[in-house]
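What follows is a single structure, written as structure tokens, with notes after it.
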Amino acid sequence: MRRTIAAAALLALSSSPALAQQTEADPFIWTDPDTGCAYLVAPGTGITPRLRAEGVPDCPESDIRLSESFERTLRESSRALGDAFEELGRRLEEGR
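According to mature numbering (1 follows the signal peptide of the UniProt record, and there is no 0), the stretch in the sequence shown is residues -20 to -1, 1 to 76, in order.
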């Protein structure tokens, strides 16, 4: 009889991690009724705007196209970062 009770208790405890995954604390997507923007909500940890694959907020009025000035800034920043890595590589080679 004790073995049966112990086995039942062990079975119940071993299934609890699966039950714990189905809690209210799991992240979920919430849409703001006023703006229509979607947010990823993780209860107890925070909220963040949900982004589309293009990197823009998941909102009905989000413009997917990048502005010309932002695109130019992004291109120039990428070029400067590449130049900095090349310079770092040269300095490391000189130091050997």
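Quick reminder that beta carbons are idealized off the backbone N, C-alpha and C, glycines included.
Bridge partners - residue i, DSSP secondary structure assignment
i: Leu20; result: Ile9, Thr28
N- and C-terminal bounds of the alpha helix (DSSP H) containing residue i
i: Ser42; result: Element bounds for Ser42: n/a, residue is neither H nor E.
Residue-level contact to chain D via CB, residue i, 8 Å cutoff
i: Ser49; result: The chain labelled as chain D is not found in the depicted structure, where only one protein chain is given.
For residue j and residue i, believed in contact at Cβ under 8 Å, the rounded distance
i: Ala18; j: Ile27; result: In fact, because the Cβ distance is near 11 Å, the residues do not count as touching under 8 Å.
Buried or exposed by the 16-neighbour rule on C-beta atoms within 10 Å, applied to residue i
i: Ala60; result: exposed
Proximity below 8 Å, CB of residue i to CB of residue j
i: Arg32; j: Leu20; result: no
i: Pro37; j: Ala22; result: no
i: Gly24; j: Cys39; result: no
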